[in-house]
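**Student:** Sharing a structure with you now.
Numbering (UniProt numbering), first residue to last: 1 to 477.
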């Protein structure tokens, strides 16, 4: 792939060819005549990505940046997305601008669905999400290293160089800390989910640590970062509920908290089921399990934060804590209750974003929670069929294609692998589903994908993988 800046004539032709797609996601720039004037004055760089070496003039993508370092357009053709074209274009634009105009700080008002692309290109968020004309966006910036792609037209004093080096070092250290802690906290969150199910009902106190229309960025635009999880309504709609006549009732409990202060922004919108009138009298125990599954993020990072979480959050200038949880009861009779939860949450920052799927199968007579590792007998064939089910839904799934079989094997034993991958099981009318939550990052750091997916198995299809656990006998009664 070759990336080069475009001439005035090429810009006119490319802009017409893409029907203005350069401005896709950037609705605040809508007058191309003004852009043309800036190009003529040399105040804007347009760069295009082309196939290298075969003489082809096929355009993969293009982007634009001003002489002050402001990116106002980025576009990649759909057939070339998720192959690194977007990040390569952004990097080239920043280096061209740095070399040509001696600009060290690049900035952008990034539409919400393009935030992950800019993060992959070295940009960091400078504040919380903003709203404009019904669209959400965030201010982002990237501090450039001292070595430029093109010769600088200006000399920089030693004092300025010292300041720039200091800024670069501080930004780099902060990014490393945030990324490492994000992975660690994700592992803690998974561990917390397991531990909560076995704690006393009185464990959770509603105490707080002092420290937008809901935003769900889509990552399927111009970049090589992806988020494949669909909205909970769309995904969970595929699940056929089994609901037998029962003697108990199920109601919805809701936890909401929204606030925005100088240091802390909070946005919790959490729903979960609660049962009433169980013949066993185990209402409190069952309800605690359901409550803990839904409130896992809120508990760990806000209501009951661990000491290390408190220490880290206290050191930050601005925190964004959010969790949006929906649920669906997928199977219910007098003996068993199966519930699946979806949690879209942010771990202290707008660019530490995750989406989890959690499931609970509960024996209503004993208030026992059944775990995936107790219910199945793993085998290479089950792992193969599970992986194929993931790829059938999304043939480009990075974790589906790139994770080794031993990662899947470890998940089926109940392990939260590397704090990034875990599985669970839930029931519906037609059989069982294996849920898979992932925060994938390739070894070279070039491919990132976060989210969750589910793979269904019919009752007969899953029978060879059933353990001798009593739950299967209860289902066959």
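Think of the CB as a built atom: it goes at the ideal place given N, C-alpha and C, for glycine as much as any other residue.
Can you tell me the Cβ-Cβ gap for residue 103 and residue 123, rounded? I've got them flagged as a contact below 8 Å.
**Tutor:** Incorrect: roughly 14 Å between the Cβ atoms, too far for contact.
**Student:** So what does residue 456 bridge to, in DSSP terms?
**Tutor:** Answer is 433, bridged to residue 456.
**Student:** For residue 46, write down the residues that DSSP places opposite it in a beta bridge.
**Tutor:** Residue 46 is bridged to 64.
**Student:** Are there three or more Cβ pairs, one per stretch, closer than 8 Å when the stretch 348–357 is compared with the stretch 268–288?
**Tutor:** The stretch 348–357 is not in contact with the stretch 268–288.
**Student:** Compare the beta carbon distance of residue 92 and residue 11 with 8 Å and say whether it is the shorter of the two.
**Tutor:** Not closer than 8 Å, so no.
**Student:** Of all the options 112, 352, 459, which has the alpha carbon lying nearest to the alpha carbon of residue 426?
**Tutor:** Of the listed residues, the one whose Cα sits closest to residue 426 is 459.
**Student:** With three or more C-beta pairs closer than 8 Å as the rule, is the stretch 428–442 touching the stretch 389–408?
**Tutor:** The answer is yes - the stretch 428–442 touches the stretch 389–408, with three or more Cβ pairs under 8 Å.
**Student:** Exposed or buried, which one is residue 8 when buried takes at least 16 other CB atoms within 10 Å?
**Tutor:** By the neighbour-count rule (16 or more Cβ atoms within 10 Å), residue 8 is not buried but exposed.
**Student:** State the DSSP-derived secondary structure class of residue 363, mapped to helix, strand or coil.
**Tutor:** Reduced to three states, the DSSP call for residue 363 is strand.
**Student:** With 16 as the cutoff for other CB atoms within 10 Å, does residue 454 come out buried or exposed?
**Tutor:** By the neighbour-count rule (16 or more Cβ atoms within 10 Å), residue 454 is buried.
**Student:** I need the straight-line Cα distance from residue 331 to residue 337, nearest angstrom please.
**Tutor:** Taking the straight line joining both Cα atoms gives about 6 Å.
**Student:** Does the structure place the stretch 318–330 close enough to the stretch 250–266 that three or more beta carbon pairs sit under 8 Å?
**Tutor:** Judged by Cβ distances under 8 Å, the stretch 250–266 makes contact with the stretch 318–330, as three or more pairs qualify.
**Student:** Comparing C-alpha positions only, which one of 253, 259, 285 sits nearest to residue 512?
**Tutor:** Residue 512 falls outside the range modelled here, since the chain spans only 1 to 477, and no answer is possible.
**Student:** From residue 288 to residue 369, what does the alpha carbon distance come to, in whole angstroms?
**Tutor:** If you take the alpha carbons of residue 288 and residue 369, they lie about 11 Å apart.
**Student:** Taking 8 Å as the cut-off, does the stretch 56–74 touch the stretch 85–101 (at least 3 CB pairs, one atom from each stretch)?
**Tutor:** Segments in contact, yes.
**Student:** Could you tell me if residue 380 is buried or exposed, where buried requires 16 or more neighbouring beta carbons within 10 angstroms of its beta carbon?
**Tutor:** The residue is exposed, with fewer than 16 neighbouring Cβ atoms inside 10 Å.
**Student:** What's the C-alpha gap between residue 169 and residue 111?
**Tutor:** For residue 169, the predicted structure reports a pLDDT of 47, less than 50, and the residue's modelled location is therefore unreliable. A value from the coordinates is still provided. One C-alpha to the other measures close to 28 Å.
**Student:** Suppose you measure from the CA of residue 167 to the CA of residue 120; what does that come to, to the nearest Å?
**Tutor:** With a pLDDT of only 46 at residue 167, under 50, the local geometry of the prediction cannot be trusted, and no value is derived from it.
**Student:** Between which two residues does the beta strand (DSSP E) carrying residue 71 extend?
**Tutor:** Unbroken beta strand (DSSP E) run through residue 71: 70–76.
**Student:** In angstroms with no decimal places, state the Cα-to-Cα distance between residue 374 and residue 361.
**Tutor:** Answer to the nearest angstrom: the Cα atoms are 12 Å apart.
**Student:** Use the C-beta contact count for residue 367: other C-beta atoms within 10 angstroms, 16 or more gives buried, fewer gives exposed.
**Tutor:** Looking at its Cβ environment, which holds 16 or more other Cβ atoms inside 10 Å, residue 367 is buried.
**Student:** Reducing DSSP to helix, strand and coil, say where residue 515 ends up.
**Tutor:** Any property of residue 515 remains undetermined from this structure, which presents the chain solely from 1 to 477.
**Student:** Which residues in the same chain have their Cβ closer than 7 Å to the Cβ of residue 297, if we skip the five residues on either side of it in sequence?
**Tutor:** Only 189, 323, 343, 345 meet the Cβ criterion.
**Student:** Along the beta strand (DSSP E) that carries residue 424, what are the first and last residues, could you check?
**Tutor:** Taken as a continuous stretch (DSSP letters only), the beta strand (DSSP E) holding residue 424 covers 421–427.
**Student:** In the DSSP output, which residue or residues are listed as bridge partners for residue 343?
**Tutor:** Answer is 325, 356, bridged to residue 343.
**Student:** With burial defined as no fewer than 16 other Cβ atoms inside 10 Å of the residue's Cβ, what is the status of residue 377: buried or exposed?
**Tutor:** Exposed is the call here.
**Student:** Report the CB separation of residue 6 from residue 46 in whole angstroms; it is logged as a contact under 8 Å.
**Tutor:** Indeed, because the Cβ distance is near 4 Å, the residues count as touching under 8 Å.
**Student:** If you draw a straight line from the alpha carbon of residue 90 to that of residue 325, how long is it in whole angstroms?
**Tutor:** Taking the straight line from one Cα to the other gives about 34 Å.
**Student:** Cβ of residue 388 within 8 Å of Cβ of residue 129?
**Tutor:** Contact: no.
**Student:** Pull up the DSSP beta-bridge partners for residue 280, would you.
**Tutor:** Paired residues: none, contrary to the question.
**Student:** Do residue 118 and residue 96 have their beta-carbon atoms positioned less than 8 Å apart in this structure?
**Tutor:** Contact: no.
**Student:** Helix, strand or coil for residue 472, going by three-state DSSP, please let me know.
**Tutor:** Looking at residue 472 - three-state DSSP - the assignment turns out to be helix.
**Student:** If you follow the beta strand (DSSP E) that residue 252 is part of, which residue opens it and which one closes it?
**Tutor:** Residues 249–260.
**Student:** From the DSSP output, in three-state form, read off residue 104 for me.
**Tutor:** Three-state result, residue 104: coil.
**Student:** By how many angstroms is the C-alpha of residue 258 removed from the C-alpha of residue 363?
**Tutor:** Computed Cα separation, rounded: 35 Å.
**Student:** Using 8 Å as the threshold, is the C-beta distance between residue 423 and residue 372 below it?
**Tutor:** Going by C-beta atoms, residue 423 is nearer than 8 Å to residue 372.
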